[in-house]
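Engineer: For reference, each letter of the sequence shown is one residue, going -9 to 80 in my numbering.
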Amino acid sequence: MALAIIAAVYIKDYKIRLVFSGNEERVIDFGPFLKVSINPMTRKFLDINEFRKFKVEYGDLIWNDYEMCFPIMDLYEGDILRHMPAARAA
């Protein structure tokens, strides 16, 4: 079976509990990612009301019409800063 997100529940601040196929769970804190992002399309999700508008669609966690989304393996491994080397060094 392919890896997929089957549920996402808002916890608090920028934290979301994700349930993956196979019923494995991860709590992901998106705050560090959002705070180092320089893209205004991404930074708008620092507004907690915008951030909370996520949904699960076709096994992915998305905001709006894929305006913000993450590689599923990065979410599964809990490492959404993987592709932001400057953020990891900070």
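All residues carry an ideal CB built from backbone N, CA and C; glycine is no exception. Nothing here was measured: the structure is a model prediction, and the numbers come from that model.
1) Report the residue from 48, 67 and 4 whose alpha carbon sits nearest the alpha carbon of residue 25.
2) Which one or two residues does DSSP pair with residue 31 in a beta bridge?
3) For residue 69, which three-state DSSP category applies?
4) Should the segment -5 to 4 be called in touch with the segment 43 to 63, which here means at least 3 C-beta pairs below 8 Å?
5) DSSP state of residue 45, grouped into three classes?
6) Can you name the start and end residues of the alpha helix (DSSP H) that residue 23 belongs to?
7) Spatial neighbours of residue 80 within its chain, please: C-beta separation below 8 Å, excluding the five flanking residues on both sides.
Structural biologist: In short:
1) If we check each option's Cα against that of residue 25, 4 comes out closest.
2) None, per the DSSP bridge assignment.
3) coil
4) These segments touch.
5) strand
6) 21 to 26
7) The predicted model places residue 80 with a pLDDT of 41, which falls under 50 and marks its position as unreliable; any figure quoted below should be read in that light. 26.
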